[in-house]
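Residue numbers (full-length UniProt numbering), protein chains in the order written: chain A, 1 to 799; chain B, 1 to 799.
Please read the structure below before turning to the comments.
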């Protein structure tokens, strides 16, 4: 082990200006994948989200302009009703869309499907946080224009989004008409039959007020059933030749600024639009107040100017990338993909909103815009280390919905709190209970996110305000739900674990181990904070009951096959007939009934393997290796949530090529649209999983015992892996090469000291000195575990 | 044992003319339970069914005039879709209603809710098969009339129903107007939220033709989606003073004959209406042909006259009661209830329709008019012995829908045939697959009904035409569905058994034993008929595979508790918290989520107990006693299917008081409306179960080995129990008293000989001589098994 100065590394966000790993580029060749591109180019700041639709709004895969939490409720009906089946569901809806700018050239509308597209390029710049567009278009009548636009959703300014739009006449004078719209109730395509798609209500917003004044305007709308009010203001700047004139008009669902004028070749017309979005409960903020608020915000943005927004955006991203950037030398495509993934994680949440991050973030309306367990199990473990205040926001949102969770528990005749499987507004929205309400593990997932956040931040205020209560109420759920068998074991029967190709099983290992952690975490916290716990009605007996249940929690194991059972009896279920399953039969859920899927040993997504990832201390190394082999052979990865946990475990066991290929699948989920579902929005959990695959997999990070330990091992393709994470207020940077691991605290005072573990040995890092330690040899783990026929991830590890 | 003449017993249908056990009577006191009364007074003949609505159609609980198989299809939609979820469901609809006869007295409509009801009585006569009504009503203006009507649905004439309606002026002359309607698309009340209720489409019938001519008329309608055409003809006779005039009119949905006239006190107006009902596939019989057919049928009935219909009805019932009557001395209320039950079973099916019997028969639209497993498991075991040709009809209907069942198996990626859980037209209509499609036992239930029918009749033609194919295709389902475990056992995992408070379990004993019988039955039949089997593609290897699976079928047993497990692991599930379950919490399914019900040891309805009823040879006497005690304590009887099997087993084990009380619950299900659901239609399975409770329970009939054996034992309340059954073409009559059992063949030639077993000893009965043998003492079975708190059936055994 040797130490060195903490400053001899380039800053993490560095790179040459031409580095394509910081950009995502799409050209005219990509116009047949509009929906996918719109998701990939989505901009957001955790509050406002704009899908990457073309300025002119058409052609379009799926419009979308979201404000976090804005939704409508719709009725659910069942062919056969059942007690406590949710009768309503939340559905994300678009706020009025302020991104639209349409252009007419000599009265012909700009539509890239008509005329001649001389050039067309859109670039998402991951460092500046803008979406740029550059199009040269010759109208059917032969008039040429160049359109450049720059769009951003401001990271530092919560309500603000803006677009700068420029038109230039190319070869001949043109008459232009530019319409900048703020449009409510945009038409959306029909719902598809795929259960994973969204149900989209028609005209969900009812106009309350509309007002345009010169270059400014504001719309206020409300929803009918969810009781929400949304206000959007726009404010414009127009810059062009003297011939240019502007007129404004408004109707209840639209505010339009029309700019007309004649441009000579080389002349430009520039329109800059500043928009501000807010929503509030109808009985919270009156319409005129909300209108005034967004108008002031849009005006302020205009007053500061677009360049100021650009500069602020860059500054915010520079700060974010200091922690979030992951350097991956040796595979440029995946280096780009990782930065893309991290960019969208940066965009997805914010520290000051007390809102959470849905499965698709603000990038699309897949899963109806619902929040699922993905957030706590995949996204928050990353944000806890990169942007802990954002993780706190999301957990505070859960806490705010404890009343609904308690009410749901009462309805289900359970104890404590039962958080919804899917929701926006806080109430259960799952319409298929065996894979919804029965997946009680979401409660332990929330508790786990609380425990991890507390371990990483030691945020006592959060503990007192929200964390302890979340731990206590979820522990109460498990204690009441479980039962003791005659032999003194504690069981959780009739639940559904992560694997959606199984349901209503007994003693799912993932659920049991997570519930055990939940019970112990609540007990520990209650004992450390007896006064706070007392106010929640927790007494010594209750804590003792939690501990007893946790200590006795059963973990099914098949002694004959020497593997854990995903749930009791799993290894005795019939095997899946892979030999007679064709390539076209995947995803299996679209070709086989649950009747077949549930009763057989076929795994949609990591479940026992996920248990080994999140509760690594509960398994020996040998068990992990045997379990990985057993479950790899039965896991078809029909869920985008699967590859990352498999990568982590494959790396831990030493199958680094397989781990690398699984990591690649996780990180390319959306950029390569592997599941053909990216058009509905990005798979944030898969993108977060890519970070976990790198940092937990190759970095070997384990944090389940309140300390940070690393067992790094690099796959062949990677020459260097560097990442950062925040731990107790410090930024720890880890740089791995095939021979060395380097640990440093680049921002810390020289007397700061942090202890981590490196392959089982204590390493003390100070602010003064980085520590470099050798990478041990990874022992040969034997033959690579076999995936189901045809289901091994694409091999890129050896390329 | 001594023998005696076969003729010293009174004929079974005998009784005095005043015997109230042959009548069901309702008066003005019952007008607050209209829907229930309409079901109880429903008339039918297995083809046409008329609910017992008042002649004037109002007040009315729920109108209903059915033709067996007539239905519409409606779309099903799911909050979350799944592969192979049925997209449409059949729903029973009313055919045009020909029962309606409305009366105006001096322009005031007869409505028993207005004016003064001086007397009102309706009587269902179980021997003559008519519903009589006698009402004296004083109009609000003070005009008195007496209305008498007699209604029948003709048992011998499949399409025919008729009503004779008489009005008499009482104290003063009255101007009468009588409207006799044939009305399509009658308004029906809104659907309730209860999952067991019906979904009723509005205006399901589209008029194709309507025609009235003098006193006759015919309507032809079609359905939009199910492709059915229904025609109903009416033909009238009018008899009254000379002042009476008639006019006819028709519109697409209604044919009306209006009779007007003036009656002096004592004068009568009599209107007799003959109706005929047929339906056919739209692409089967053209509209004019169907219209001509029903017109001819109605005309023929009119030509023969109402008195001829009455006489034919009585003759048909006399013949039916010869076999179907059960004499139960000692409890007049239950004697009446048993006759009521048997009357509705006689009415429910017919030998010449190749149609089946739905859960509610033709008495209401509960369960959407669907056929469920009740038919094969409860109703056909009775009809096989009382009216074997009706059982054959129902099984022939199943065979006619083998193509849909094969297609469903392919869709589910299973082998052989998979019959629907709920259907009218043959396709799966279950909208909740864990308690629908997963209840694969329906296939074994059908096979069992085939085997029982064949054993009782030796009907080789049915075997060749339908029976063998049903056995083979269902055996193929089980063989493909099951799997072998390493220890050489054969398993059926992930199915739902009879108990609807459990779902998706492994190795449900009932399912496994029934599948075992199915496999063996198919193997036996195929080996006995190698040519027929060969034509179905059955070879030696396939038969050997069925036998191997049957021989290795696993039957879960808890060696520690010494009871069978309803399904694997059942006895290790958490116990239900009966101490904290209130009276108002029943039925549990309306107050607890499936999440709680499924994972706990709470049983909605006999499941393991039903297995012991239908497969008695698979359990020792000691096992039966222990199992009964264990499951009685956990069975809440939230299903009307439960009491009868429990009664059978309680009787077998020797708990005769409990058995009697359970029998009473089964037989009074509808007459006492125990489940508050009789308004939706009668619970035919519960009514059939009452016969099983008597004949299998107290008569001790067991037939699972191809011979008839009786282990009779009478409960204290019963002085004499006498019943008949058909066996291989003979009518066997059994009369039981506390001391003696008498077996006879009342209709057989003197050289006919039948062997039965009585308490384990062979008894040979000849046509010449009845055999009387002593009833052995029933050994004391120990303390009565405890039911769940508050759930013991009402105690009437000791009264």
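The beta-carbon is built from N, C-alpha and C at its ideal position, and this holds for glycine as well.
None of the values given here were measured: they were computed from a predicted structure.
query, result
"Kindly provide the ranges of any alpha helix (DSSP H) runs that are 4 or more residues long and lie completely inside the segment 536-596 of chain A, ordered along the chain.", "540-551"
"So residue 603/B and residue 526/B are supposed to be a Cβ contact under 8 Å. How far apart are they, rounded?", "About 36 Å separates the two Cβ atoms, so there is no contact after all."
"Between residue 220/A and residue 291/A, how many whole angstroms is the CB-CB distance? I'm expecting something under 8 Å.", "5 Å"
"Relative to the C-alpha of residue 330/B, which candidate in 721/B, 625/B, 774/B and 753/B has its C-alpha closest?", "721/B"
"Hey, is residue 50/B's beta-carbon within less than 8 Å of any beta-carbon in chain A?", "no"
"According to DSSP, is residue 600/B helix, strand or coil?", "coil"
"Run down chain B in chain order and give the residues with a C-beta less than 9 Å from the C-beta of residue 592/A.", "83, 84, 412 and 413"
"What is the DSSP secondary structure of residue 483/B, reduced to helix, strand or coil?", "strand"
"Using 8 Å as the threshold, is the segment 164-181 of chain B in touch with the segment 256-271 of chain B, meaning 3 or more CB pairs across them?", "yes"
"Just verifying my parser: in three-state terms, what is the DSSP assignment at residue 196/B?", "With a pLDDT of only 49 at residue 196/B, under the threshold of 50, the placement of this residue in the model should not be trusted; the figure read from the coordinates follows. Residue state, collapsed to three classes: coil."
"Would DSSP call residue 490/B helix, strand or coil?", "strand"
"Using a C-beta cutoff of 8 Å, does residue 506/A count as contacting chain B?", "yes"
"Ends of the beta strand (DSSP E) at residue 47/A?", "Looking at the DSSP string, residue 47/A is not in any beta strand (DSSP E), and its letter there is neither H nor E."
"Pick helix, strand or coil for residue 781/B, following the three-state DSSP scheme.", "coil"
"What does DSSP give as the partner residues of residue 766/B in its beta bridges?", "753/B"
"Spatial neighbours of residue 249/B within its chain, please: CB distance less than 7 Å, with the 5 preceding and 5 following residues excluded, ordered by chain position.", "212 and 256"
"Is it true that the CB of residue 184/B sits closer than 8 Å to the CB of residue 161/B?", "no"
"Name, please, each residue of chain A whose Cβ falls closer than 7 Å to the Cβ of residue 599/B.", "493 and 494"
"Can you list, in chain order, the residues of its chain with a C-beta nearer than 8 Å to that of residue 108/A? Leave out the 5 residues immediately preceding and following it.", "114, 115, 139, 140, 141 and 143"
"Under a three-way DSSP split, which group does residue 639/A fall into?", "coil"
"Can you name the residues of chain A whose CB is closer than 7 Å to the CB of residue 804/B?", "Here chain B comprises residues numbered 1 to 799, so residue 804/B is not present and cannot be evaluated."
"By the criterion of Cβ-Cβ separation under 7 Å, what are the contact partners of residue 483/B in chain A?", "574"
"Under three-state DSSP, which class holds residue 743/A?", "strand"
"Measuring only the C-alpha atoms, how far is residue 627/B from residue 227/B?", "49 Å"
"Which partner residues does residue 250/B have in the DSSP bridge list?", "255/B"
"Alpha carbon to alpha carbon, how far is residue 356/A from residue 700/A?", "28 Å"
"Using the beta-carbon of each residue, which ones in chain A are nearer than 9 Å to residue 89/B?", "79"
"Quick check on residue 434/A - is its C-beta less than 8 Å from some C-beta in chain B?", "yes"
"Does chain A have any CB closer than 8 Å to the CB of residue 569/B?", "yes"
"Just the chain A side, please: which residues come within less than 8 Å of residue 431/B by C-beta, in chain order?", "78, 79 and 80"
"Just checking my contact of residue 359/B with residue 668/B at CB under 8 Å: how many whole Å lie between their CB atoms?", "Their Cβ separation, rounded to whole angstroms, is 18 Å, which puts residue 359/B and residue 668/B out of contact at 8 Å."
"In its own chain, which residues sit with a C-beta less than 6 Å from the C-beta of residue 619/A, not counting the 5 before and 5 after it?", "612"
"Identify, in the order they occur along the chain, each residue of the same chain with its Cβ nearer than 7 Å to the Cβ of residue 811/B, setting aside the five sequence neighbours on each side.", "In the structure as shown, chain B begins at 1 and stops at 799. Residue 811/B is therefore absent and cannot be evaluated."
"Mind checking residue 37/B: buried by the 16 CB within 10 Å criterion, or exposed?", "buried"
"In angstroms with no decimal places, state the Cα-to-Cα distance between residue 316/B and residue 421/B.", "33 Å"
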